[in-house]
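Everything below concerns the one structure shown next.
2 protein chains.
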Amino acid sequence: MRAEIVAVGTELLLGQIANTNAAWISDRLAEIGVDVLRHQVVGDNADRIEEAIATAVARSDVVVVMGGLGPTQDDITRPALARVAGAELVRRPEIERELRERFRVRGREMPESNLAQADVPDGARYIAPRRGTAPGLILDVGSTRVYALPGVPAEMREMAEGAVLPELAERGGPAALVSRTLRCYGLAESRIAELLDDLFRGSSNPTVAYLAGGGEVHVRLTAKADIRSEAEAMLEPFEHAVRRELGDHVYGIDDETLERVVGRLLTDRGMTLACAESLTGGGLGERITAVPGASAYFLGSAVTYSLASKRSILGVSEVTLEWPGPVSPECAAEMAAGARRAFGADVAVSLTGVAGPDAHGGAEAGQVWIGLDAEDRSHQHAFRWPFDRDLVRRFSELAALDLVRRHLLGMPLPD
Amino acid sequence: MRAEIVAVGTELLLGQIANTNAAWISDRLAEIGVDVLRHQVVGDNADRIEEAIATAVARSDVVVVMGGLGPTQDDITRPALARVAGAELVRRPEIERELRERFRVRGREMPESNLAQADVPDGARYIAPRRGTAPGLILDVGSTRVYALPGVPAEMREMAEGAVLPELAERGGPAALVSRTLRCYGLAESRIAELLDDLFRGSSNPTVAYLAGGGEVHVRLTAKADIRSEAEAMLEPFEHAVRRELGDHVYGIDDETLERVVGRLLTDRGMTLACAESLTGGGLGERITAVPGASAYFLGSAVTYSLASKRSILGVSEVTLEWPGPVSPECAAEMAAGARRAFGADVAVSLTGVAGPDAHGGAEAGQVWIGLDAEDRSHQHAFRWPFDRDLVRRFSELAALDLVRRHLLGMPLPD
């Protein structure tokens, strides 16, 4: 099945937002085996919307139009779509009732312009909205199935997941596409590709894709078969082989972030964690507490940006702060030990360094020391990141989380 | 000038990345008065690349093609462009020399396939790369100017800023487009639009645009005139009028974030800031320290996720933690006072609440107390956010930053 995405919205052409809707639905369509061959973006202009949809219809089996379904005067996808289909717009009384009811329960008066959302091209089906007020549309133009969805991401996703993707998955026949993502930390993408080269050379099913970003590499394996269990069975030996090659660099699967893995390991062991942060300014704690329920194992973080607070809150010695200074293994060790003591935690991890852009405290930008302190262990190691301020901070957070993971799993720690 | 963007890359059609390149260059083109009317995205497929470029050329004055210029076998924009132009690819010896030299200084052998990057359509100019190895291309097809740039964002931006945008700005004649963004906190987008309705009704120059997101609203004013100083003069009375209507809700201009404004105010006053965070887990400190040089005024944050650490590090009383509990004005007040003391800061701000999804510590999800402590001031107020965990945390951080801003400016604080 050949698909095309048409996004409508002047804000996209002005560069005010990126077309994340197209990326999202393309990813989901790929998952069910639909080939997306083109994206188009046009503004809130009747002629260009109509032209874009007509062009897409002429060359695709499926067209997903997103945006321009709302109630205001710049929402004109609905009539453009009717013109492409050569159909009249017909007001549907049940949608009108629903729209009026929504305003009534909120005690607000409905502008009559809102009723345009009750207009549906003759012969089309509609998708009732749960979050927003704009119904989606489903219609066939010749042999092409056209879906029109709202541009608000949450509303678009709701209708895509509720109606579009299930319908297309079924239409695509009994084929099942199953993906598994192995999340890796500590190996470069090129090194991973090298290690797995033999394994996937010449394999067109399952396939492998490497997605690098934010300091991690994700290895996505995808298998296609007639039924789901068969595709899963095909994946299994490949997953084993990948794990054998990449070893303990594989930290989690699918949506499991490093902070989630650390949370699970702490929960399993009934242990608690605390942090001492300098260069990351709280970013490590922020990441750990992004996981709901983190209060079961995370006690807190001492963000000691000043020398005085490193001393008063974490008990780092005057001597260390003077020489070798705050960016040193000695300071990282004392910070971690101090955080473990101050919070009464089982494990503590510390980060001290220079995010940049300028050198600071006698160290170059990108120089970072990481420390770990536990009952039976005190460990420090250094990184020198060749990145900008933001990436130095993000990569340091990941390195700290991976250090905790390795400690909890009893793995060797990096030098 | 009517422009169109053609992005090339299968990773875009698979949804692995969003088309941020198109957003970036569209924003920059709008700034110099070039109207972007369409975006197209195609994969690494020779026919579809050629078709997309040819279609764009036929209907646009300017076409910017991005991606597919690299050295590997899926980089095929160069020959596709030559076919559209009806020109032969000619190997340029000076590019070849430069490519060989780059590999030589790195002590690596150059794969011969790399030489494809030295091929330029006959009659075209090229843009020498500083970061990458792929030269950009500039050529005219009929009356349409076509630019081809690499897909790697940093390489694309370098060439756009160094060659494409200056050339187009000049070609566009003497028109100058000047924008000014007023950043607002504390008013809903609909309320702002209502307040400014009279001001901009019927005004097509300057124009106003509202961009809401992340808890803020940005009001962007844009004026067009023959020369820059004239456009700036046209903006001035409108900016004054907007500021008059929105008052102290306007916190900054253009790229000035709330944390930057707070940093500037603290620096101007020679004052220091500390935080006490619970529900945000360090996100407030992370945001404050995203500003380079924050160590001049930011001392640190006590991320006290556990009750025990609220007591031991911040000195919150046993009594308060028992009743009314950690999500209360009393606890917010003691946390802020404790942070000011522990860090020796002039001003401290505290956040305690429930990010959700579940209720916690006797309070509902979304319930947040914010506290401020200074030498002559102790203030607390509450929010009840109807959002998910992530947004509750983000909105709480902004509210805390705005509270500090208001305090430093001697403004009334919210109830």
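Residue numbers (the working numbering), protein chains in the order written: chain A, 1 to 415; chain B, 1001 to 1415. Note that the Cβ used here is the ideal one computed from N, Cα and C, for glycine as well.
Determine the extent of the alpha helix (DSSP H) in which residue i is found, giving its start and end residues.
i: Pro-237 (chain A); result: 228–246
i: Val-419 (chain A); result: Shown here, chain A extends from 1 to 415; a query on residue 419 (chain A) therefore has no answer.
i: Phe-395 (chain A); result: 389–408
i: Met-1159 (chain B); result: 1153–1159
i: Glu-1318 (chain B); result: 1318–1322
i: Pro-1166 (chain B); result: 1165–1171
i: Ile-1192 (chain B); result: 1189–1200
i: Thr-222 (chain A); result: Counting along the chain, Thr-222 (chain A) falls outside any alpha helix (DSSP H), though it belongs to the beta strand (DSSP E) covering 216–225.
i: Glu-1088 (chain B); result: Here Glu-1088 (chain B) belongs to no alpha helix (DSSP H), and DSSP marks it neither H nor E.
i: Thr-55 (chain A); result: 46–59
i: Ile-1417 (chain B); result: Because chain B spans 1001 through 1415 in this model, residue 1417 (chain B) falls outside it and cannot be assessed.
i: Ala-274 (chain A); result: Here Ala-274 (chain A) belongs to no alpha helix (DSSP H); instead the beta strand (DSSP E) covers 273–277.
Provide the residue span of the beta strand (DSSP E) that contains residue i, from first to last.
i: Trp-1024 (chain B); result: First-last for Trp-1024 (chain B): 1020–1031, but that is the alpha helix (DSSP H), not the beta strand (DSSP E).
i: Glu-1330 (chain B); result: Note, Glu-1330 (chain B): premise wrong, no beta strand (DSSP E); alpha helix (DSSP H) at 1329–1343.
i: Val-1146 (chain B); result: 1144–1149
i: Pro-121 (chain A); result: 119–121
i: Asp-1140 (chain B); result: 1136–1141
i: Ile-5 (chain A); result: 2–8
Assuming residue i and residue j are in contact, meaning their beta carbons sit under 8 angstroms apart, how far apart are those beta carbons, in whole angstroms?
i: Thr-1010 (chain B); j: Asp-1044 (chain B); result: 5 angstroms
i: Pro-1135 (chain B); j: Ile-1095 (chain B); result: 6 angstroms
i: Phe-1238 (chain B); j: Leu-1211 (chain B); result: 17 angstroms between Cβ atoms; not a contact.
i: Ala-80 (chain A); j: Leu-139 (chain A); result: Rounded, the Cβ-Cβ distance is 13 angstroms, inconsistent with contact.
i: Ala-355 (chain A); j: Val-316 (chain A); result: Their Cβ separation, rounded to whole angstroms, is 19 angstroms, which puts Ala-355 (chain A) and Val-316 (chain A) out of contact at 8 angstroms.
i: His-39 (chain A); j: Ala-87 (chain A); result: In fact, because the Cβ distance is near 25 angstroms, the residues do not count as touching under 8 angstroms.
i: Arg-1389 (chain B); j: Pro-1357 (chain B); result: 6 angstroms
i: Gly-1215 (chain B); j: Arg-1394 (chain B); result: 6 angstroms
i: Ala-345 (chain A); j: Leu-273 (chain A); result: 6 angstroms
i: Pro-121 (chain A); j: Leu-89 (chain A); result: 6 angstroms
i: Ser-1416 (chain B); j: Glu-1031 (chain B); result: The question about residue 1416 (chain B) has no answer, for chain B in this structure spans 1001 to 1415.
i: Trp-1385 (chain B); j: Gly-15 (chain A); result: Trp-1385 (chain B) to Gly-15 (chain A), Cβ: 30 angstroms. No contact.
i: Gln-314 (chain A); j: Gly-338 (chain A); result: Just to set this straight, residue 314 (chain A) is Leu in the shown sequence, not Gln. At roughly 3 angstroms, the Cβ-Cβ gap stays under 8 angstroms, so Leu-314 (chain A) and Gly-338 (chain A) are in contact.
i: Thr-280 (chain A); j: Glu-1286 (chain B); result: 7 angstroms
i: Asp-1254 (chain B); j: Thr-1181 (chain B); result: 5 angstroms
i: Ala-363 (chain A); j: Gly-353 (chain A); result: 7 angstroms
i: Tyr-347 (chain A); j: Val-291 (chain A); result: Correcting the residue identity first, residue 347 (chain A) is Val in this sequence and not Tyr. Rounded, the Cβ-Cβ distance is 16 angstroms, inconsistent with contact.
Sort the options by Cα distance to residue i and report the nearest one.
i: Glu-1112 (chain B); options: B:Ala-1399, B:Glu-1245, B:Ser-1312 and B:Arg-1100; result: B:Arg-1100
i: Leu-1168 (chain B); options: B:Leu-1196, B:Met-1001 and B:Glu-1256; result: B:Met-1001
i: Glu-322 (chain A); options: A:Phe-387, A:Asp-122 and A:Gly-361; result: A:Gly-361
i: Val-1262 (chain B); options: B:Leu-1199, B:Val-1242, B:Ala-1400 and B:Arg-1228; result: B:Ala-1400
i: Ala-1332 (chain B); options: B:Trp-1369, B:Arg-1340, B:His-1407 and B:Tyr-1251; result: B:Trp-1369
i: Leu-398 (chain A); options: A:Ser-350, A:Ile-192, A:Arg-377 and A:Pro-412; result: A:Ser-350
i: Pro-329 (chain A); options: A:Tyr-305, A:His-381 and A:Leu-299; result: A:His-381
i: Ala-1068 (chain B); options: B:Arg-1028, B:Val-1152 and B:Arg-1092; result: In the sequence under discussion, the amino acid at residue 1068 (chain B) is Gly, which differs from the Ala named in the question. If we check each option's Cα against that of Gly-1068 (chain B), B:Val-1152 comes out closest.
i: Asp-1197 (chain B); options: B:Leu-1314, B:Glu-1245 and B:Pro-1326; result: B:Glu-1245
i: Ala-231 (chain A); options: A:Ala-18, A:Ile-5, A:Gly-33 and A:Glu-4; result: A:Gly-33
i: Ala-1225 (chain B); options: B:Ala-1296, B:Arg-1243, B:Ala-1209 and B:Asn-1205; result: B:Asn-1205
i: Leu-177 (chain A); options: A:Glu-189, A:Ala-233 and A:Arg-183; result: A:Ala-233
i: Glu-1375 (chain B); options: B:Arg-1340, B:Asp-1119 and B:Ser-1229; result: B:Arg-1340
Mind checking residue i: buried by the 16 CB within 10 Å criterion, or exposed?
i: Ile-1288 (chain B); result: buried
i: Leu-1235 (chain B); result: buried
i: His-218 (chain A); result: buried
i: Val-1042 (chain B); result: buried
i: Thr-304 (chain A); result: buried
i: Ile-227 (chain A); result: exposed
i: Thr-144 (chain A); result: buried
i: Ala-296 (chain A); result: exposed
i: Leu-1012 (chain B); result: buried
i: Met-1159 (chain B); result: buried
i: Pro-1166 (chain B); result: exposed
i: Ala-336 (chain A); result: buried
For a cutoff of 8 angstroms on Cβ pairs, would you count residue i as touching chain D?
i: Glu-277 (chain A); result: No chain D appears in this structure, whose protein chains are A and B.
Any heavy atom of the ligand NAD closer than 7 angstroms to the CB of residue i?
i: Phe-1298 (chain B); result: For the structure depicted, the ligand NAD is absent and the ligand set is empty, with no information on it obtainable.
Using a Cβ-Cβ cut-off of less than 9 angstroms, list which residues of the segment 1305–1316 of chain B approach chain A; keep chain order. Tyr-1305, Ser-1306, Ala-1308, Ser-1309, Lys-1310, Ser-1312 and Ile-1313
Check your understanding: If you measure beta-carbon to beta-carbon, which residues of the segment 1382–1399 of chain B are closer than 9 angstroms to chain A?
Key -> Arg-1389, Asp-1390 and Arg-1393
For the segment 1070–1081 of chain B, enumerate the residues whose C-beta is nearer than 9 angstroms to any C-beta of chain A, in chain order. none
Check each residue of the segment 30–42 of chain A: if its Cβ is closer than 7 angstroms to any Cβ of chain B, include it; give the result in chain order.
Ala-30, Val-36, Leu-37, Arg-38, His-39, Gln-40, Val-41 and Val-42
- Task: Would you list, in chain order, the members of the segment 1259–1286 of chain B that have their beta-carbon closer than 9 angstroms to a beta-carbon of chain A?
- Result: Thr-1272, Ala-1274, Cys-1275, Glu-1277, Ser-1278, Leu-1279, Thr-1280, Gly-1281, Gly-1282, Gly-1283, Leu-1284, Gly-1285 and Glu-1286
query: In chain order, what residues of the segment 1011–1026 of chain B put their CB closer than 8 angstroms to some CB of chain A?
result: Leu-1012, Leu-1013, Leu-1014, Gly-1015, Gln-1016, Ile-1017, Ala-1018, Asn-1019, Thr-1020, Ala-1022, Ala-1023, Trp-1024, Ile-1025 and Ser-1026
Contact set between the segment 178–212 of chain A and chain B, restricted to residues whose Cβ is under 8 angstroms from the partner = Ala-209 and Leu-211
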